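When you number the sequence shown by the working numbering, it's gap-free, plus one each residue, and the end is 582.
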Amino acid sequence: MSYKILIRESLSIVALFTFFLLVLILVVGLAYYIQEFGASAIRQFFGVVKVKWLINMVYSYN
């Protein structure tokens, strides 16, 4: 087995581990946010984001 293949496989394993670690951090952060502020805060946040996105979309067509 060539060392280039070993390096490529180890890099893909590290990338996969990093991806799952980021997903885990995101899930834990979301769970903490829900526990701390409630699900209504998340709905309100996404509503504000949607409104800001719509306003930016409307005003970008000047």
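Built from N, CA and C at the ideal position, the CB exists for glycine as well.
Keep in mind that this is a model prediction, so the values were computed, not measured.
My guess is that I554 and I545 are in contact by the Cβ rule of under 8 Å, so how many angstroms apart are they, rounded?
By 1-based counting over the sequence shown, the position of residue 554 is 34. By 1-based counting over the sequence shown, the position of residue 545 is 25. Not quite, the Cβ-Cβ distance comes to about 15 Å (not below 8 Å), so this is no contact.
In angstroms, rounded to a whole number, what distance separates the CA positions of S522 and V543?
Looking up residue 522 in the sequence shown gives position 2. Looking up residue 543 in the sequence shown gives position 23. Their Cα atoms are separated by approximately 32 Å.
To the nearest angstrom, report how far apart S532 and V547 are at their CA atoms.
To locate residue 532, count along the sequence shown from 1; it is residue 12. To locate residue 547, count along the sequence shown from 1; it is residue 27. Taken atom to atom, the span from the alpha-carbon of S532 to that of V547 is near 22 Å.
Quick one: does the C-beta of G567 sit closer than 7 Å to a heavy atom of the ligand FMN?
With respect to small molecules bound, the structure shown includes none, and the ligand FMN cannot be examined in it.
With DSSP run on the structure shown, which of helix, strand or coil describes S530?
Along the sequence shown, read from residue 1 onward, the residue named residue 530 stands at position 10. The three-state secondary structure of S530, taken from DSSP, is helix.
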